[in-house]
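Under the working numbering, the residue at position 149 of the sequence shown is numbered 295, and the numbers go up by one with no gaps.
For glycine and all other residues, C-beta sits at the position ideal for the given N, C-alpha and C.
In this text the structure is predicted, and so the values were computed from the model without any measurement.
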Amino acid sequence: MGRRRKEAEEHENHERWLVSYADFITLLFAFFVVMYSLSSINEGKYRVLSDSIVQAFRSISVNTSGRQIIVPQMAVPPVPGLSKPKVDDARQKAREAAVKRMRNMADEIRRVLQPLAEGGQVSVTEGANGIKVEINAEVLFAPGEADLGPSAIAALDAVARVLAPAEFPIVIEGHTDNVPINTYRFPSNWELSAVRASSVVRLFVANGVDPARLTAAGYGDQRPVASNLTEEGRSRNRRVTLLIESMLAEDEPPPPVPLRRNDPIRSILPAAQAPVENPVN
Numbered sequence: 147m148g149r150r151r152k153e154a155e156e157h158e159n160h161e162r163w164l165v166s167y168a169d170f171i172t173l174l175f176a177f178f179v180v181m182y183s184l185s186s187i188n189e190g191k192y193r194v195l196s197d198s199i200v201q202a203f204r205s206i207s208v209n210t211s212g213r214q215i216i217v218p219q220m221a222v223p224p225v226p227g228l229s230k231p232k233v234d235d236a237r238q239k240a241r242e243a244a245v246k247r248m249r250n251m252a253d254e255i256r257r258v259l260q261p262l263a264e265g266g267q268v269s270v271t272e273g274a275n276g277i278k279v280e281i282n283a284e285v286l287f288a289p290g291e292a293d294l295g296p297s298a299i300a301a302l303d304a305v306a307r308v309l310a311p312a313e314f315p316i317v318i319e320g321h322t323d324n325v326p327i328n329t330y331r332f333p334s335n336w337e338l339s340a341v342r343a344s345s346v347v348r349l350f351v352a353n354g355v356d357p358a359r360l361t362a363a364g365y366g367d368q369r370p371v372a373s374n375l376t377e378e379g380r381s382r383n384r385r386v387t388l389l390i391e392s393m394l395a396e397d398e399p400p401p402p403v404p405l406r407r408n409d410p411i412r413s414i415l416p417a418a419q420a421p422v423e424n425p426v427n
């Protein structure tokens, strides 16, 4: 009797695997049904959903005290009709208008400096940073002097009338050769170059150029454009340079970076000027 019962139990155990197998087949069938359903979703909608998830969970890494902290950064999906594209368009149009004004100004400066341009004594070039006008000092000043001559005054008056209506900053640089000078008025080339630049600044102010736009700088013989070993090179180095800055390459300054609570630089900053504390330590 016990032997017959044991055989019956063994027979039942052998057939139990069919239940697990049927469950497995059912789950596998359900898996493929779900996969088929996903594959039939509109591809465009699926891509939009995927991009939104990626943007929403995009994060930035902040290095603090030698360890990485992940700070979630929620990204707002672009919505048609917002003002950002319009702002970018307006900025681009403003830049294009500024470029056009700079080109017109360069052409006008070339025209009014034509009397001084004979013999290659004046050059006007345009670049990404604005207009550079280089004038040989011999057509502006007597040797060792900083007073503008009559012909130089007439030409620079015309340049000033071109520059006065504009809004661009102007840097006027004085340069000399390396031949030393030692007079009562100019103990060195530093004073000579600075006073020559100041003479041009005063003339521009007298002709209506806003003084806030003007900067005078004297560099002496420290920025030569040719060798001082020859008379021709020294003549090229004696010059006055007008830099009319376009400001086209400048973008909005980035916001100040807040400091951590334990940042060592806090020890040298005045309390009133210390940036807002960074909550991430």
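Asked                                                                                                                                                                   : Found
On a CA-only basis, which of Val308, Leu338 and Leu262 is nearest valine 351? Give me that one, please.                                                                 : Val308
Going by the CB atoms, is the gap between leucine 338 and alanine 292 shorter than 8 Å?                                                                                 : yes
To which residues does DSSP link valine 279 through a beta bridge?                                                                                                      : Val270 and Leu388
Using the Cα positions of asparagine 324 and alanine 240, report the straight-line distance between them to the nearest angstrom.                                       : 43 Å
Between the alpha carbons of histidine 321 and aspartate 235, how many angstroms are there, rounded?                                                                    : 42 Å
Under the DSSP definition of a beta bridge, which residues are partnered with glycine 364?                                                                              : Gly320
CA-CA distance, glycine 266 and arginine 406?                                                                                                                           : 58 Å
From asparagine 353 to glutamate 284, what distance separates their C-alpha atoms?                                                                                      : 23 Å
What runs of the alpha helix (DSSP H), each 4 residues or longer, lie entirely inside the segment 280-310?                                                              : 296-309
Could you compute how far the alpha carbon of glycine 276 sits from the alpha carbon of methionine 248?                                                                 : 7 Å
Using the Cβ count rule (16 or more neighbours within 10 Å means buried), how would you classify glutamate 319?                                                         : buried
Quick one: what does DSSP say tyrosine 167 is sitting in, helix, strand or coil?                                                                                        : helix
Alpha helix (DSSP H) containing glycine 379: first to last residue?                                                                                                     : 377-383
Whose C-alpha, out of Ala176, Ser381, Ala168 and Asn408, is nearest the C-alpha of asparagine 280?                                                                      : The amino acid occupying residue 280 in the given sequence is glutamate; asparagine does not appear at that position. Out of Ala176, Ser381, Ala168 and Asn408, Ser381 has the C-alpha closest to the C-alpha of glutamate 280.
By Cβ distance, which residues of its chain are closer than 6 Å to phenylalanine 332, with the 5 residues on each side in sequence left out?                            : Leu338
Are the beta-carbon atoms of asparagine 335 and glycine 379 separated by less than 8 Å?                                                                                 : no
Please list, in chain order, all residues of the same chain as valine 268 whose beta carbon is under 6 Å from its beta carbon, the five residues on each side excluded. : Leu259, Leu262 and Ile281
Tell me which same chain residues have a C-beta within less than 6 Å of the C-beta of serine 166, skipping the five on either side of it?                               : none
Exposed or buried, which one is threonine 387 when buried takes at least 16 other CB atoms within 10 Å?                                                                 : buried
Beta-carbon within less than 7 Å of valine 346's beta-carbon, same chain only, minus the 5 sequence neighbours each way: which residues are those?                      : Leu302, Ile318 and Val386
For isoleucine 316, which residues in the same chain have their Cβ closer than 6 Å to its Cβ, ignoring the five residues on either side in sequence?                    : Arg359, Leu360 and Ile390
CA-CA distance, leucine 174 and glutamine 238?                                                                                                                          : 58 Å
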